[in-house]
Structure formats: structure tokens, C-alpha cells
Amino acid sequence: MDARKVLGSAIPGRALVLVLAATVLAGPSLAQEATVTYQEGRHYVRLPTPVDTRDPDRIEVVELFSYGCIHCFNFDPAVERWLETVPDDVDFHRVPAVFNSYWAALAQAFYTAELLDVLGEVHTPIFEGVHVYRLEMNRAELLARLFEREADVEREEFLRVFGSFGVQSRVRKADASTRMYRATGVPTMIVNGTYRIETDMAGGQEQMLDVVDYLLATIRAAE
4 MDARKVLGSA IPGRALVLVL AATVLAGPSL AQEATVTYQE GRHYVRLPTP
54 VDTRDPDRIE VVELFSYGCI HCFNFDPAVE RWLETVPDDV DFHRVPAVFN
104 SYWAALAQAF YTAELLDVLG EVHTPIFEGV HVYRLEMNRA ELLARLFERE
154 ADVEREEFLR VFGSFGVQSR VRKADASTRM YRATGVPTMI VNGTYRIETD
204 MAGGQEQMLD VVDYLLATIR AAE
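According to my numbering, numbering within the sequence shown proceeds without interruption in unit steps and concludes at 226.
Okay, structure coming up:
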């Protein structure tokens, strides 16, 4: 087929030659972009000791985060968009990092929401309470009002679950997981209990999700 018909007869002959030449020269680089690979030790690290996953039949992706972290707040919309594309073989869940007592209280709020099955209603409002309205969201009474307003959870029910053994044990487990993942900051992504991806290594927050997708494809190809 005549290339001029494909690219448009309005392109002068010499310009057409230049366009075709540029296309040919760009070919290898475009192909390289389409097959981007990420390197262990540069874009992600392998954990020295793999951490057990909760469902051996699926590929686990963990977001280690905290409501107290502004970077996690900024990252959250990208995670939610990414979740819309995740296939059924991926088991995604969040683990709240426990680096201090303030974050421990926020982890309590997270697991309280999970146990009450209202995480979808209060997840973003807790983030906004901390970073938009600058509230002391580690206070049980303030959290109780938020749960009542956003999810119709009665104050007494919230306080009962918030201080329960079930929530406390989950917070302790989250603290242990943070240590096993050897995370020093958040947000951090963990893939299949084996690989850790940090913002700086990946080149940015949304790039972390690109590395996650790469590792998911690599794991699937090896199965």
C-alpha cells in the first residue's frame, strides 16, 4: 500500500520521508516501552523470609498504610482506581502500620470498621478527619461520632468493638506484620508475602502499582 495514502496525501514528499524515517527509528524505543521490566533490588526487594499469605490459592497484595500518613491519603484514590482492574485471582487487603501509639489507635479504628462491616462507609471519612479537618482521630469518642454519622453505628456498639479483644489482637498482628515485612515507611506494597515495593524504589506512588502489576504477571507466568 502507498504510504502516502496511509499518512495523508497532504504531506509533501520530503516531509513524508522524514516522517517514515522517524517512525522506523522510534520503533525499537516504542517496543522497549511496551515491554518495560522491573529489576529486583532496584524497583522492588525480595523479603529475606517470606510471610504467610491468608489464601494460598490466590496471589496476595497487601497495602501497608496508616490513616495518619498524608502520603497514604494521597495514594488512596489511585489504589481505588487500580482495584477496579484487579482480576479475581488477586486477594487484596490493607494492613495498618503501627509505628507509634497514635497510629495504633487508628489501626483500632480500621479493624473496628472491618468487624462492624462498615469499612466502605468510614474509610475515606477517617482519612479526611485526619488530613482535611485536622481532628484528633485517635480519640475514641470522636471516632464514635464519626461511625454514628457515616455508618449508623451506635456509640455503645462502637466502643464495645473498639476496645474488644478481637480488635486488640488484630492490631498486635498488624504490628507483627509490619516488622515481618521490614517496612520503614508507608505506603508500601507487599506482593504474595515475598516482594516489597516502596515509593522511592518504584519512582512514585502510582508507579508502585505498575510494579505490582509486573510482579503479578511474573507470578502467573511461573505457575
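Positions of the beta carbon are idealized from the N, C-alpha and C atoms, including for glycine.
Predicted model only: the values in this text are computed from it and were never measured.
- Here Asn77 has Gln208 as same chain residues with Cβ atoms under 8 angstroms from its own Cβ, once five neighbours each way along the sequence are excluded.
- Taking a cut-off of 8 angstroms for Cβ pairs, the region 188 to 196 and the region 51 to 71 touch, as three or more such pairs fall below it.
- Straight-line measurement puts the Cα of Gln111 at about 11 angstroms from the Cα of Asp178.
- Beta-bridge pairing by DSSP links His96 to Val65.
- The Cβ-Cβ distance between Val121 and Ala154 falls below 8 angstroms.
- For Arg199, no alpha helix (DSSP H) encloses it; the enclosing beta strand (DSSP E) starts and ends at 198 to 201.
- The shortest C-alpha to C-alpha distance from Thr187 to any of Asp203, Ser104, Pro128, Glu139 is the one to Asp203.
- Burial check for Phe168: the Cβ neighbour count within 10 Å stays below 16, so the residue is exposed.
- For Val194, the enclosing beta strand (DSSP E) has its first and last residue at 191 to 194.
- Check the Cα spacing between Tyr136 and each of Pro190, Ile73, Arg175: the tightest is with Ile73.
- Excluding five sequence positions before and after Arg57, the CB atoms of its chain that fall closer than 8 angstroms to its own CB belong to Glu63, Asp94, His96, given in chain order.
- In terms of Cα proximity to Thr52, the closest of Phe161, Ser180, Ala220 is Ser180.
- Residue burial annotation: Pro190 is buried, with at least 16 other C-beta atoms found within 10 angstroms of its C-beta.
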